[in-house]
Amino acid sequence: MARFDWEIPHIQRETKIYSLLEGTGIAPRFLGHIREQGRVIGILLEKVMGRHAGIEDLQICCSALRRLHGLGISHGDCNRYNFIVGIDNRVTLVDFENSTVGVNKDAMESEIAKLNEELTEESGRGGGFMLAVGR
């Protein structure tokens with residue numbers, strides 16, 4: 001959701017990437033836009049069941065990232081929370097607001113090279129926020 005006007009271009013970029021990934025199985029299905037006063041302020045995606053990736057998932061995460069790169073797209077934010085591992089060990093990528101189309105091969109290889117570090121990151125960077133609800 002766009003909280004500020006400057007976030008709207010990020011949503012537009014993310015929408016473009018989801019449209020390019022439609023039917024690939026790499027990302028959740030794009031279901032629609034959330035609008036306010038005629039402008040797009042968010043996106044609605046298919047719910048993906050699974051867990052965030054860890055270092056034990058390095059091989060399958062590399063494979064998923066290479067599939068994305070094979071389409072000429074770099075992710076731009078390969079933190080562990082953007083790799084959802086399903087019970088079938090299928091990896092779904094999310095959060096494409098920093099993605100780029102047509103990036104050079106070196107930039108894509110850099111994402112692969114840093115994946116080991118990203119999957120061992122424990123600071124919570126990229127994990128969003130947790131809502132604590134009392135009973």
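The letter at position 65 of the sequence shown is residue 65 when you use the UniProt record's numbering, and the numbering goes up by one with no holes.
For every residue, glycine included, the Cβ atom is placed at its ideal position computed from N, Cα and C.
Reference G50, options Y81, T120, E109 and L65, closest by Cα: Here the closest residue by C-alpha is Y81.
For T92, which residues does DSSP report across the bridge? In the DSSP output, where bridge partners are listed per residue, T92 has I84.
Straight-line gap, A53 to R35 (C-alpha atoms, nearest Å): Answer to the nearest angstrom: the Cα atoms are 31 Å apart.
Can you tell me whether residue 187 is helix, strand or coil according to DSSP? A question about residue 187 goes unanswered here, because the residues of the chain that appear run from 1 up to 135.
Per-residue burial, S99 [other beta carbons within 10 Å of its own, 16 or more giving buried]: S99 is classed as buried because its beta carbon has at least 16 other beta carbons within 10 Å across all chains shown.
H75 (DSSP reduced to helix, strand or coil): Note: H75 maps to coil in three-state DSSP.
Could you say which of H33, M108, I60 and V103 lies nearest to D88 if we only look at CA atoms? Selected option, being the one with the closest Cα: I60.
Under three-state DSSP, which class holds E36? Strand.
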